[in-house]
Amino acid sequence: MEKIGVYVCHCGTNIAGMVDVQQVAEWAAAKLQRRGVVIGRDYKFMCSSLGQELIEKDIKELGLTRVVVAACSPHLHENTFRTACKRAGLNPYLCELVSIREQVSWVHTDKDQATAKSMAVVSGGVERVIHHAPLEPMKVSIHPDTLVVGGGIAGIQAALEIADAGYKVYLVEREPSIGGHMAQFDKTFPTLDCAACILTPKMVSVGTHPNIELLTWSEVEKVDGYVGNFAVTIRKRARDVDTSLCTGCGICWEKCPKKVVDDKFEAGMGMRKAVYTPFAQAVPKYPVIDRPNCTYYIKGTCKACEKFCPTNAIKFNQEDEVITVNVGNIILATGYDTFDAKRIAQYGYGRLPNVVTSLEFERLCNAAGPTNGEILLKDGKTKPKAVGIVHCVGSRDKHYNEYCSVICCMQGLKFAHLVHERTGAEVYNFYIDMRTPFKGYEEFYQRVLEEGTHFIRGKVAEINNAPRTKEEEGKLIVQVEDTLVGVQMRIPLDMVILSVALEPRHDAKETAHRFGLSCSADGWFIEKHPKLDPVATMTEGILIAGCVQGPKDIPATVSQGAAAAARALGKIHAKEIALEPFRASVNEEQCSGCRICNGLCPFNAILFHEDRMVTEINGALCQGCGTCVAACPAGAISGTGFSNEQVLAQIEGLLLMNIGEEALA
Amino acid sequence: MNNEQFEPTIIGFTCNWCSYRAADLAGTARMKYPPNIRLIRLMCSGRLDPTFVFKALTNGADGVMITGCHPGECHYLEQNYKALRRFHLIRRTLQGLGVEPNRVKLVWASAAEGAKFTNEVKSFVEEIRALGPLNWGGAGGNGHRVETQIPEEVPA
Ligand SMILES: Cc1cc2nc3c(=O)[nH]c(=O)nc-3n(C[C@H](O)[C@H](O)[C@H](O)COP(=O)(O)OP(=O)(O)OC[C@H]3O[C@@H](n4cnc5c(N)ncnc54)[C@H](O)[C@@H]3O)c2cc1C
Ligand code: FES
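Quick note, the sequences are listed as chains P and D, same order.
Counting from 1, one number per residue, gives the positions in the first sequence under the numbering used here.
Counting from 1, one number per residue, gives the positions in the second sequence under the numbering used here.
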């Protein structure tokens with residue numbers, strides 16, 4: 001018979017406050033003695049080094065062959081206790097961690113019932129652990145190349161860190177150029193350094209780095225494999241430009257007769273041509289032809305770009321190229337979209353010409369933007385005399401997004417400063433709460449306060465152009481309650497900037513699914529742990545960085561890019577990684593060759609030997625889901641870690657069938 | 001709680017990636033649900049062998065809640081669709097055995113849906129409470145071990 005030790009954690013008062021832990025431990029030692037339990041202990045913090053030593057000592061002194069720990073979720077500490085067992089010479093997979101915190105003490109309110117349930121849960125763990133088998137983790141090699149998806153500042157940072165360390169990176173960006181949102185900005189808070197000045201050198205490094213293969217105008221179509229060995233299918237969309245001939249001279253877009261409103265880079269504020277690079281410092285420098293807007297593709301004639309190109313680089317009807325690359329790690333840095341301000345009809349966006357979004361305003365005050373950085377009204381001539389900045393548009397509002405978009409307060413202050421500096425206009429910030437928590441941010445707030453900006457605490461009710469007085473005529477009227485003084489106000493302004501929320505990419509769900517990740521209820525990609533593991537995900541080998549994980553400013557984005565790179569580099573250096581050895585395998589003796597399992601595996605791990613009429617499972621491809629195990633009518637497939645015996649025994653244990661009638665008496 | 005009230009025992013199957021995490025989240029967020037449910041973690045809802053459900057129901061459980069990732073979100077791509085097919089088969093088999101098919105419930109819960117998990121447990125406990133103790137027509141029943149019913153054909 002096995003010798004089983006049962007350890008019940010108090011977790012301070014987290015468990016002990018709702019579960020009589022001592023009683024559970026004593027119960028296990030007494031009632032489950034017949035099942036092999038030789039010791040039951042409770043301890044304040046099982047995961048502490050003293051707690052772990054307790055287990056190690058018992059393994060050595062009592063000769064334990066199995067260990068059950070009743071504590072927090074296995075997702076937190078399974079590894080901790082497995083490692084403790086290993087240190088004491090017991091195979092780590094002979095340990096079972098059952099959760100009586102997340103699944104008992106934190107969710108129940110009656111101490112007797114919670115204690116009784118804990119006993120059942122321990123009993124289930126004991127029955128299950130009897131059927132555990134000693135296992136060795138599977139070692140897989142790590143391919144040294146890395147894929148980074150998204151060429152915003154997060155992806156750029158990650159790619160450079162890895163490439164500088166001497167490893168190859170594929171950087172996939174769906175737009176014609178890298179740069180992301182940051183490339184659209186004029187100045188960045190809180191230091192007000194020019195975005196282009198700090199971003200473009202990094203973009204150039206990416207473009208020229210010998211270890212970076214930059215794939216712009218491209219998208220990932222398919223991801224196969226697993227950590228260490230992903231095979232990624234990438235579609236390089238046809239640029240209609242031969243990049244080996246193109247010098248980026250710009251004659252093509254000069255000559256192109258077709259003007260198009262640029263609703264991506266210029267956020268609808270400016271124009272571009274049908275053959276274009278999004279901005280002057282684009283990396284790579286090669287343009288793309290925007291087929292739906294190109295006269296040649298619409299009418300069959302034009303080809304002005306082709307005629308004038310001095311190097312004959314324009315190639316109409318080029319075809320997409322689909323390539324497959326092998327990588328060991330993947331970093332997703334696909335960033336965010338901005339909230340569609342039209343959804344708040346009472347703010348008049350789309351209807352009132354001088355109501356603009358924050359992203360539009362970034363272009364309006366950008367020296368390289370459509371007005372050369374002059375802040376002008378829609379007429380293109382008049383400088384505004386009074387400008388309002390509305391915070392939290394689409395954020396902190398249960399109708400749209402409940403979360404705070406993090407950057408809007410600082411971005412509002414940045415705009416206040418820029419408007420003040422460049423136009424001398426009166427500036428009004430309409431805010432719910434001012435949030436300026438990071439380095440240098442509060443100081444920036446003070447600076448803007450001293451510049452004489454008006455701050456009105458209140459959520460704007462409406463923006464309209466219906467004047468009631470003479471001085472309101474021709475103005476935008478912001479209706480708001482100043483909640484600090486409790487008065488309703490109507491403020492006539494020339495321009496209103498809506499600080500729109502950061503939102504998950506419109507296609508975030510599809511992207512998440514393609515890479516096997518999940519999104520939170522808000523739609524941001526879920527990190528492995530919100531505090532302790534913000535750049536890893538539940539899918540080993542896939543990391544996230546930047547706004548794809550949630551709204552954040554550039555410093556935090558860059559930190560995550562670097563952190564994700566460090567994670568990938570660590571794996572690359574280790575050369576191999578140990579994986580959970582939970583795999584299915586076929587007992588050929590028992591296999592009847594019925595082939596029921598053959599169609600069930602999405603990873604193509606199941607192959608059928610026609611000659612011997614038996615099925616085999618490729619352990620390297622098997623991901624351990626267990627679907628085939630459940631389907632085999634002959635019971636010929638077994639799944640390590642989740643065998644029928646283990647699960648059936650756990651059911652018996654949970655239902656206290658193992659100890660008969662007296663159960664909880 | 002009222003002593004007269006029937007307290008059902010429920011076994012819940014969760015998958016490692018979504019629904020177990022939903023249960024974890026319910027805990028971390030200190031949401032509350034009745035203690036009648038006892039959970040088992042599988043790697044995927046596709047691992048759910050119908051035998052497990054019959055085993056639970058013949059070993060004293062009054063209801064079984066099967067949970068997994070939302071359709072299209074299974075960590076193993078599409079295995080929860082197979083769980084869905086098995087779920088229907090299990091219900092049909094139960095009906096054939098004279099047991100209320102509503103004793104088995106299927107719930108999709110993503111890792112972010114601690115609240116959904118909580119509410120589903122709450123309502124399932126009430127549904128089973130309303131059905132009363134599982135009665136195998138004298139063959140066994142609550143607290144008595146009977147032979148596990150294995151369906152003749154295990155579905156794909
Ligand atoms: C108006 C405004 C002003 C701001 N001002 C400041 C400021 O002054 N200071 C500051 O610190 N922060 C500021 N921020 C925040 C800042 O924009 C972000 O912190 C930062 O840009 C996030 O970078 P990212 O790389 O995560 O995302 P992004 O910049 O969104 O980059 C993501 C990239 O991924 C690409 N991509 C998306 N999907 C795919 C796909 N499926 N395949 C391939 N590529 C894809 C995109 O094309 C893009 O290039 C501001 C934000 C806004 C809205
Ligand atoms: S992993 Fe959750 S259902 Fe498959």
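Ideal Cβ positions, reconstructed from N, Cα and C, are used throughout, including at glycine.
The Cβ atoms of Asn354/P and Leu543/P do not sit closer than 8 angstroms to each other. If you check each beta-carbon in the region 540-569 of chain P against every beta-carbon of chain D, none falls closer than 8 angstroms. One Cα belongs to Gly388/P, the other to Ala368/P, and the distance between them is close to 24 angstroms.
Sixteen is the threshold: when 16 or more other Cβ atoms of the shown chains lie within 10 Å of the Cβ of Ile153/P, as they do, the residue is buried. Short of 6 angstroms from the beta carbon of Gly412/P, and not among the five residues preceding or following it, lie these beta carbons of its own chain, in chain order: Ile389, His391, Asn429, Ser499. Non-local beta-carbon contacts of Lys285/P in its own chain, meaning distances under 7 angstroms to residues more than five positions away in sequence, involve Gly248, Thr277 in chain order. Listed along chain P, the residues sitting closer than 8 angstroms to Leu48/D by beta-carbon distance are Ala630. At a cut-off of 7 angstroms, the beta-carbon of Lys55/D does not count as near ligand 1: no heavy atom of the ligand is closer than that. Inter-segment contact for the region 636-646 of chain P and the region 586-593 of chain P is present: three or more beta-carbon pairs are separated by less than 8 angstroms.
By the CB criterion at 8 angstroms, Arg447/P and Tyr400/P fall outside the cutoff. Separation of Gly225/P and Ala84/P (C-alpha to C-alpha, rounded to the nearest whole angstrom) is 31 angstroms. Measuring C-alpha to C-alpha distances from Trp136/D to each of Gly72/D, Ala56/D, Glu78/D, Arg85/D identifies Ala56/D as the nearest.
Here the C-alpha atom of Leu147/P lies approximately 48 angstroms from the C-alpha atom of Thr9/D. Within its own chain, the residues whose Cβ lies closer than 7 angstroms to the Cβ of Ala165/P, once the five positions on either side in sequence are excluded, are Leu569, listed in chain order.
Residue contact with chain D for Lys236/P: absent (no Cβ-Cβ distance below 8 angstroms to any residue of chain D).
Thr537/P: not part of any alpha helix (DSSP H); DSSP gives it neither H nor E.
According to the DSSP assignment, Thr80/P belongs to the alpha helix (DSSP H) that extends over 74-87.
The alpha-carbon of Pro310/P is positioned some 13 angstroms away from that of Thr243/P.
Counting only Cβ-Cβ distances below 8 angstroms, Ser585/P has no contacts in chain D at all, with the closest Cβ about 15 angstroms away. In the structure shown, the three-state DSSP call for Glu7/D is coil. Judged by the Cβ position, Tyr226/P fails to qualify as a neighbour of ligand 2 at the 7 angstroms threshold, every heavy atom of the ligand being at least this far. The region 92-104 of chain P and the region 115-128 of chain P touch, with no fewer than 3 CB-CB distances between them shorter than 8 angstroms. For Ala159/P, the distance from the CB to the nearest heavy atom of ligand 1 is not below 7 angstroms. Of all residues, those with a beta-carbon under 7 angstroms from at least one heavy atom of ligand 2 are Cys625/P, Cys15/D, Asn16/D, Trp17/D, Cys18/D, Ser19/D, Met43/D, Cys44/D, Ser45/D, Gly46/D, Gly68/D, Cys69/D, Cys74/D, His75/D, Tyr76/D, Gln79/D, Asn80/D, Ala83/D, reported in chain order. For Gly72/D, the chain P residues whose Cβ falls inside 8 angstroms of its Cβ are His513, in order along the chain. Between ligand 1 and the CB of Thr334/P, the shortest heavy atom gap is smaller than 7 angstroms.
Contacts with chain P (Cβ-Cβ distance below 9 angstroms) from the region 76-105 of chain D involve Tyr76, Leu77, Glu78, Gln79, Lys82, Ala83, Arg86, listed in chain order. His391/P carries a strand assignment under DSSP once its states are collapsed to helix, strand and coil. Exclusion of the five residues before and after Glu510/P leaves no residue of its chain whose Cβ lies closer than 7 angstroms to its Cβ. Residue pairing for Asp262/P: DSSP places it in a beta bridge opposite Gly270/P. For Val275/P, same chain residues with a beta-carbon under 6 angstroms away, outside a window of 5 residues either side, are Cys252, Trp253, Cys256, Pro287, Ile289, Cys305 in chain order. Separation of Gln103/P and Met65/D (C-alpha to C-alpha, rounded to the nearest whole angstrom) is 15 angstroms. Judged by DSSP secondary structure, Leu364/P falls within the alpha helix (DSSP H) whose first and last residues are 358-364. Around the beta-carbon of Lys187/P, 16 or more other beta-carbon atoms lie within 10 Å, marking it buried.
With a cut-off of 7 angstroms, the C-beta of Ile407/P is classified as near ligand 1, since at least one heavy atom of the ligand falls inside that distance. For a Cβ distance threshold of 7 angstroms, residue set Ser73, His75, Glu102 of chain P lies close to Asp24/D, ordered along the chain.
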